[in-house]
Amino acid sequence: MSRARTERLVNLVICLLATRRFLTAAQIATTVAGYEHDPDDPRAHEAFQRKFERDKAELRSLGVPLETGTDSIFDTEPGYRIARREYALPDLRLAPDEAAVVGLGARLWQHAGLAAAASSGLTKLRAAGVDVDPQATLGVEPVVSVDPSFAPLAAAARERRLVRFDYRVPERDAPSTRRLQPWGVVCWRTRWYVVGFDLDRQDVRCFRLSRLVGPVTTSGPAGAFTPPADVDLISHVAHSWGPVERHGRATVLVRPGHADGVRRWAERVEPGPDGDRAVLAYHCAEELAHWLVGYGADVRVLDPPEVRDAVITRLKEITASAEPVPAPVEAAG
Amino acid sequence: MTGRPPGSAATGWLARLLNLVPYLHARPGMRVADAAADLGVSEQQLRDDLELLWVCGLPGYGPGDLIDMAFDGDRVTITYDAGMDRPLRLTPDEALALVVALRMLAETPGVADRALVDRALAKLERAAGQPAPIAVRLTGNADRLARVREAVDRRRALEITYYSATRDRTSTRVVDPMRVMMVGGHGYLEGWCRSAQQVRRFRVDRIDALTVRDEPAAPPAQARPAPVVDGIFRPGQDLPLVTLRVGRGARWIAEYYPCEQVDESADGWLVSLRVTDLAWARRLVLGLGPEVVVVGPPELAEAVRVHAAAALDAYATPTGLAAAPAPAG
Numbered sequence: 138m139s140r141a142r143t144e145r146l147v148n149l150v151i152c153l154l155a156t157r158r159f160l161t162a163a164q165i166a167t168t169v170a171g172y173e174h175d176p177d178d179p180r181a182h183e184a185f186q187r188k189f190e191r192d193k194a195e196l197r198s199l200g201v202p203l204e205t206g207t208d209s210i211f212d213t214e215p216g217y218r219i220a221r222r223e224y225a226l227p228d229l230r231l232a233p234d235e236a237a238v239v240g241l242g243a244r245l246w247q248h249a250g251l252a253a254a255a256s257s258g259l260t261k262l263r264a265a266g267v268d269v270d271p272q273a274t275l276g277v278e279p280v281v282s283v284d285p286s287f288a289p290l291a292a293a294a295r296e297r298r299l300v301r302f303d304y305r306v307p308e309r310d311a312p313s314t315r316r317l318q319p320w321g322v323v324c325w326r327t328r329w330y331v332v333g334f335d336l337d338r339q340d341v342r343c344f345r346l347s348r349l350v351g352p353v354t355t356s357g358p359a360g361a362f363t364p365p366a367d368v369d370l371i372s373h374v375a376h377s378w379g380p381v382e383r384h385g386r387a388t389v390l391v392r393p394g395h396a397d398g399v400r401r402w403a404e405r406v407e408p409g410p411d412g413d414r415a416v417l418a419y420h421c422a423e424e425l426a427h428w429l430v431g432y433g434a435d436v437r438v439l440d441p442p443e444v445r446d447a448v449i450t451r452l453k454e455i456t457a458s459a460e461p462v463p464a465p466v467e468a469a470g
Numbered sequence: 117m118t119g120r121p122p123g124s125a126a127t128g129w130l131a132r133l134l135n136l137v138p139y140l141h142a143r144p145g146m147r148v149a150d151a152a153a154d155l156g157v158s159e160q161q162l163r164d165d166l167e168l169l170w171v172c173g174l175p176g177y178g179p180g181d182l183i184d185m186a187f188d189g190d191r192v193t194i195t196y197d198a199g200m201d202r203p204l205r206l207t208p209d210e211a212l213a214l215v216v217a218l219r220m221l222a223e224t225p226g227v228a229d230r231a232l233v234d235r236a237l238a239k240l241e242r243a244a245g246q247p248a249p250i251a252v253r254l255t256g257n258a259d260r261l262a263r264v265r266e267a268v269d270r271r272r273a274l275e276i277t278y279y280s281a282t283r284d285r286t287s288t289r290v291v292d293p294m295r296v297m298m299v300g301g302h303g304y305l306e307g308w309c310r311s312a313q314q315v316r317r318f319r320v321d322r323i324d325a326l327t328v329r330d331e332p333a334a335p336p337a338q339a340r341p342a343p344v345v346d347g348i349f350r351p352g353q354d355l356p357l358v359t360l361r362v363g364r365g366a367r368w369i370a371e372y373y374p375c376e377q378v379d380e381s382a383d384g385w386l387v388s389l390r391v392t393d394l395a396w397a398r399r400l401v402l403g404l405g406p407e408v409v410v411v412g413p414p415e416l417a418e419a420v421r422v423h424a425a426a427a428l429d430a431y432a433t434p435t436g437l438a439a440a441p442a443p444a445g
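In the order they appear, the protein sequences are chains A and B.
Throughout the first sequence, residue numbering follows the working numbering, covering 138 to 470 in sequence.
Throughout the second sequence, residue numbering follows the working numbering, covering 117 to 445 in sequence.
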């Protein structure tokens, strides 16, 4: 932006903040420095109008709340002003330790997408007289990062606008296009999800942001839907992660000095003549079996049969598929 | 006209000027150099900004209308602000960035003063207006993390019993803690490992036992925290490359582990990843079952075959474990 234009825009903001009356474009042209022109010269006037349009767009993109309206019903042409209450950052009354925490939060974005927004937000707090201690620390600091689709989805959820995106789960080959009323964005165990009403499935769905393919398209008017008043966004993502009851008990022989990963989940481990005996609590026999197979010949399931048989089945499948080629087929089992 | 100042984005300059007047207004007699450092601009840039603002003001643009400031040596005071006494309110993106970061901080297990974070968050959300439809929940081993953090704060050495998933071994070691951090949903203790004589990161949920020692943490001068970029594990190019043919049901591993290459052209994906230890890769492959077949290296394929066969053989005998397969892979 040129120095002349920057100067003009500062003057425009100052003027529109000071005025209580709506100022028409013509009044602005004769009042604000930088818009001087001969309104009777069509080309000069047209140039002014283009300039003024660009300047209005610039201010709006910065978030300056430019009001349009008239002071009386006799005014035929709408004018402009900036309502100070809408413009000014409200007084936050942050205590020094609270300000330090906000500064710390802004720094967490260091490695990720919204860093610039956090830092310009922090500058506004500083401009409001808040002093931010740059040395503050809270001991544990999360690294905050988001997927590229985070910002458009959060904006769409805020404005309650419909979104469309391509979504792909690893088990499927091709992405499918989904249309969603986004209720909100959730961070669950540092993975990001969007929760909302899926228009095609006609049900509530959540989507992992890392599985979105390509851009998010926002369409239609703002306020197109209303999320349920009591919606608990987290619960929609977390419902499948609740604690499981581990009623089963399996006894496993573990090679001494090996498979520490199995030992640390055992309720108890006792040495025996042919290896250590570990007792493991489990919920699903098949899940336990698959996990134990990872430890190969260092473990052997003694009991119960449902776990033992699941392990044997799995091992047979592996030896069948891992057969070196060409090689003689070995007897399995 | 001197044109645009170097390094400023088109709207960045205007935004900076709109902030600058209230910023200085709130801090009469501030040193120009300190203001520049606090706002992250060069002193020259700041002086240039002040020069521009000096000719701006209310229509009429006479002496009483223009923004005015007094210089006293290297200090500046705004004596007339032309009505620009407050900064512009936060944009939705700025509010979102700050609110989300604070929610993350508030949810981080083991944060020293959660009540403080919540207070700051409440004030910020009030000023930001409409609440961001964002929810954050980071679960973790809050108690253990709090104990580790306490030891870091007290600058004490720690004796930890730690399970290394890479080596599948649990061992006890003494660590001089340096910091605690959260990455990818896990808490980590970073410190000087006296056994390895290196800076190491320990996942808090794998610290099975913890004793705070009655001696100060004394990481050597050369111990430096490592930067965190794209997660905690950054495989080096010198590590062995493992290539797997991955069936539909195990495709999630391409999402879960940092992969070097994923070829999705066939039904069975071709996934390449670098591993610290081939024995870890063997446990991974065996655990995934027939969904995964080793393409390379051959010693891994062989290790998987031998271990699976030996494990199976053991079930053919009435008791005991199979003879330990050769340690290769």
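Glycine residues also receive a C-beta, built at the ideal position from the N, C-alpha and C atoms.
All values reported here derive from a predicted model rather than from experimental measurement.
Inter-residue spacing [alpha-carbon to alpha-carbon] between histidine 423 of chain B and proline 414 of chain B: 14 Å
Closer than 9 Å at the beta carbon, the chain B residues around alanine 366 of chain A: Neighbours of alanine 366 of chain A on chain B: none; closest Cβ ~13 Å, over 9 Å.
Per-residue contacts from proline 159 of chain B into chain A (C-beta, under 9 Å): Note that residue 159 of chain B corresponds to glutamate in the displayed sequence, not to proline. Near glutamate 159 of chain B there are no residues of chain A at all, since even the closest Cβ is about 17 Å away, more than 9 Å.
Option in B/Ala382, B/Asp379 and B/Cys375 with minimal Cα separation from leucine 389 of chain B: B/Cys375
Valine 306 of chain A - DSSP class collapsed to helix/strand/coil: Secondary structure at valine 306 of chain A: coil, using DSSP grouped into helix, strand and coil.
Local Cβ density within 10 Å of threonine 456 of chain A, reported as buried at 16 or more and exposed below that: buried
Glutamate 418 of chain B versus serine 280 of chain B: straight-line alpha-carbon distance, rounded: 24 Å
DSSP-derived helix/strand/coil call for tyrosine 373 of chain B: coil
Contacts around valine 137 of chain B, its chain only, beta-carbon distance under 8 Å, and the 5 residues preceding and following it disregarded: Leu169, Ile183, Ile194, Asp197, Ala198, Met200 and Asp201
Residues from the stretch 203 to 215 of chain B in contact with chain A, defined by Cβ distance under 8 Å: Pro203, Leu204, Arg205, Leu206, Thr207, Pro208, Asp209, Glu210, Ala211, Leu212, Ala213 and Leu214
Collapsed DSSP secondary structure at threonine 282 of chain B in the structure displayed: coil
Residues that methionine 220 of chain B contacts on chain A, provided the C-beta gap is smaller than 8 Å: Gly242, Leu245, Pro279, Val281 and Cys324
Other residues of its chain near alanine 222 of chain B: CB distance less than 7 Å, five sequence neighbours each side excluded: Arg230, Val233, Asp234 and Leu237
Element boundaries [beta strand (DSSP E), containing cysteine 324 of chain A]: Per DSSP, cysteine 324 of chain A belongs to the beta strand (DSSP E) from 313 to 325.
Limits of the unbroken beta strand (DSSP E) element including phenylalanine 318 of chain B: 314 to 319
C-alpha gap between aspartate 150 of chain B and glutamate 159 of chain B, whole angstroms: 9 Å
Beta-carbon spacing of glycine 385 of chain A, alanine 418 of chain A below 8 Å: yes
Rounded C-alpha distance that separates valine 341 of chain A from glutamate 210 of chain B: Distance between the alpha carbons of valine 341 of chain A and glutamate 210 of chain B is about 29 Å.
Where tyrosine 172 of chain A sits in the DSSP three-state scheme: Tyrosine 172 of chain A falls in the coil class under three-state DSSP.
Residue from A/Arg218, A/Arg338 and A/Arg345 whose Cα sits closest to the Cα of arginine 305 of chain A: A/Arg345
Residues of the stretch 421 to 432 of chain A with Cβ closer than 9 Å to any Cβ of chain B, in chain order: His427, Trp428, Leu429, Val430, Gly431 and Tyr432
Assigned secondary structure, serine 388 of chain B (DSSP; H/G/I helix, E/B strand, else coil): strand
Check whether arginine 251 of chain B and tryptophan 246 of chain A have beta carbons under 8 Å apart: Note on identity: in this sequence residue 251 of chain B is alanine, with arginine being the wrong assignment. Cβ distance not < 8 Å, so alanine 251 of chain B and tryptophan 246 of chain A don't count as in contact.
Beta carbon of arginine 319 of chain B nearer than 8 Å to that of glutamate 275 of chain B: no
Residue-chain proximity (glutamate 308 of chain A, chain B), Cβ-Cβ < 8 Å: yes
First through last residue of the alpha helix (DSSP H) which encompasses tryptophan 428 of chain A: 422 to 430
Extent of the continuous alpha helix (DSSP H) to which aspartate 397 of chain A belongs: 397 to 400
For alanine 439 of chain B and histidine 248 of chain A, the rounded distance between their alpha carbons: Bear in mind that the predicted position of histidine 248 of chain A carries a pLDDT of just 49, short of 50, making it unreliable; the figure below should be weighed with that in mind. So the two alpha carbons sit approximately 50 Å from each other.
Residue burial classification, glutamate 190 of chain A (beta-carbon count within 10 angstroms, cutoff 16): exposed
7 Å Cβ cut-off: residues of chain A touching valine 81 of chain B: Because chain B here runs from 117 to 445, residue 81 of chain B falls outside it and cannot be looked at.
Glutamate 467 of chain A - DSSP class collapsed to helix/strand/coil: Confidence in glutamate 467 of chain A is poor, its pLDDT being 46 and thus under 50, which makes the residue's placement unreliable; the coordinate value appears in the next sentence. DSSP, reduced to helix, strand and coil, places glutamate 467 of chain A outside both helices and strands of the structure shown, so it counts as coil.
Contact with chain B by tyrosine 224 of chain A, beta-carbon distance below 8 Å: yes
Collapsed DSSP secondary structure at tryptophan 308 of chain B in the structure displayed: strand
Separation of leucine 326 of chain B from alanine 333 of chain B, as counted between CA atoms: 15 Å
Pair within 8 Å by beta-carbon distance, aspartate 144 of chain A and cysteine 172 of chain B: Note that residue 144 of chain A corresponds to glutamate in the displayed sequence, not to aspartate. Contact: yes.
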